[in-house]
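First the structure, in the form of structure tokens, and then the observations on it.
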Amino acid sequence: EPEVTQTPSHQVTQMGQEVILRCVPISNHLYFYWYRQILGQKVEFLVSFYNNEISEKSEIFDDQFSVERPDGSNFTLKIRSTKLEDSAMYFCASREQGGSYEQYFGPGTRLTVT
Amino acid sequence: DQQVKQNSPSLSVQEGRISILNCDYTNSMFDYFLWYKKYPAEGPTFLISISSIKDKNEDGRFTVFLNKSAKHLSLHIVPSQPGDSAVYFCAAHSDSGNTGKLIFGQGTTLQVKP
Chain A
1 EPEVTQTPSH QVTQMGQEVI LRCVPISNHL YFYWYRQILG QKVEFLVSFY NNEISEKSEI
61 FDDQFSVERP DGSNFTLKIR STKLEDSAMY FCASREQGGS YEQYFGPGTR LTVT
Chain B
1001 DQQVKQNSPS LSVQEGRISI LNCDYTNSMF DYFLWYKKYP AEGPTFLISI SSIKDKNEDG
1061 RFTVFLNKSA KHLSLHIVPS QPGDSAVYFC AAHSDSGNTG KLIFGQGTTL QVKP
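So the sequences go chain by chain: A and B. Per this note's numbering, the very first residue in the first sequence carries number 1; after that it's consecutive. Per this note's numbering, the very first residue in the second sequence carries number 1001; after that it's consecutive.
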């Protein structure tokens, strides 16, 4: 069964450093998303991406964040200058085009900013 | 911003009994609702969904009920099994915009005791 994959599973970085989180969505899916979950809190929407551009972003997704689909398979989230409060689980998700809104999530990347 | 609320942080049931997880929402623009199950250190796994034009959807042991007038939905699991022990998230999709963004509740931790 096709699945969303994410790398790395755990990333530790120092405050102020740049990180890139990588995702490979399900191959025939056309909508891509990033969510995050701070420990003990709910899953929060960050950004959606369709047709090679951002379709919606949340207030969390400020100028420090960017997304890219550099080739036909990868989807990346970059945080330019990490802050302590960026520590969270980051989930990538994808869905196919059509009436169904089911999104399929990857296993997540745990980002720890020290 | 608590457009989707799961007021019970935890629920404990005996194996074989029914588990009922509840979810309330405030935004009448939500047109599609989903339940996800999440194990520790994994991403959310899609379980079952329901369109706002329906009031019930069933898939094996899982049934979701939607009461639009009360802005309430529930997930019934019967019979409950120990492997169902996980965090369950209710999520909603808004019809405004076509990004497919999901808004999640805080989650309910279900424990099924053998």
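No residue lacks a Cβ here, since even glycine has one placed at the ideal position from N, Cα and C.
| Should the stretch 86-105 of chain A be called in touch with the stretch 1065-1075 of chain B, which here means at least 3 C-beta pairs below 8 Å? | Contact fails: fewer than three Cβ-Cβ distances are below 8 Å.
| query | Using CA coordinates, which residue listed in A:69, A:39, A:52 and A:86 is at the minimum distance from residue 61 of chain A? | reply | Residue A:86 is the option with its Cα nearest to residue 61 of chain A.
| When burial is assigned at 16 or more other CB atoms within 10 Å of the CB, is residue 1103 of chain B buried or exposed? | Buried, by the Cβ-count rule.
| Partners in chain B for residue 106 of chain A, counting only beta-carbon separations shorter than 7 Å | Chain-order list of chain B residues neighbouring residue 106 of chain A: 1043, by C-beta distance under 7 Å.
| Contact under 7 Å by Cβ, residue 26 of chain A with residue 81 of chain A | Inclusion of residue 26 of chain A and residue 81 of chain A in the CB contact set at 7 Å is not warranted, their separation being larger than that value.
| message | If distances are taken between C-alpha atoms only, which option among A:19, A:30 and A:103 comes closest to residue 72 of chain A? | response | Out of A:19, A:30 and A:103, A:30 has the C-alpha closest to the C-alpha of residue 72 of chain A.
| Bridge partners - residue 1078 of chain B, DSSP secondary structure assignment | Looking at the DSSP assignment, residue 1078 of chain B forms no beta bridge with any residue, so it has no partner.
| query | For the putative contact between residue 44 of chain A and residue 66 of chain A, defined by C-beta atoms under 8 Å, what is the C-beta separation to the nearest angstrom? | reply | Residue 44 of chain A to residue 66 of chain A, Cβ: 18 Å. No contact.
| request: For the stretch 1018-1025 of chain B and the stretch 1039-1052 of chain B, state whether three or more C-beta atom pairs, one from each stretch, are separated by less than 8 Å. | output: No: the two stretches stay apart, fewer than three of their Cβ pairs being nearer than 8 Å.
| Between B:1111, B:1110, B:1101 and B:1047, which lies nearest to residue 36 of chain A when the distance is taken from Cα to Cα? | Nearest of B:1111, B:1110, B:1101 and B:1047 to residue 36 of chain A, Cα basis: B:1101.
| field | Cβ-based neighbour list, residue 1106 of chain B, same chain, cut-off 6 Å, excluding 5 preceding and 5 following | value | Here the set comprises 1006.
| request: In the DSSP assignment, find the beta strand (DSSP E) that holds residue 69 of chain A and state where it starts and stops. | output: Taken as a continuous stretch (DSSP letters only), residue 69 of chain A belongs to no beta strand (DSSP E), as it is neither H nor E.
| Where residue 1055 of chain B sits in the DSSP three-state scheme | Residue 1055 of chain B sits in coil when the DSSP states are folded into three classes, being neither helix nor strand.
| Closest Cα partner of residue 16 of chain A within the set A:1, A:33, A:64 and A:51 | Looking only at A:1, A:33, A:64 and A:51, the smallest Cα-Cα distance to residue 16 of chain A is reached by A:64.
| field | Local conformation of residue 96 of chain A per DSSP, three classes | value | Note: residue 96 of chain A maps to coil in three-state DSSP.
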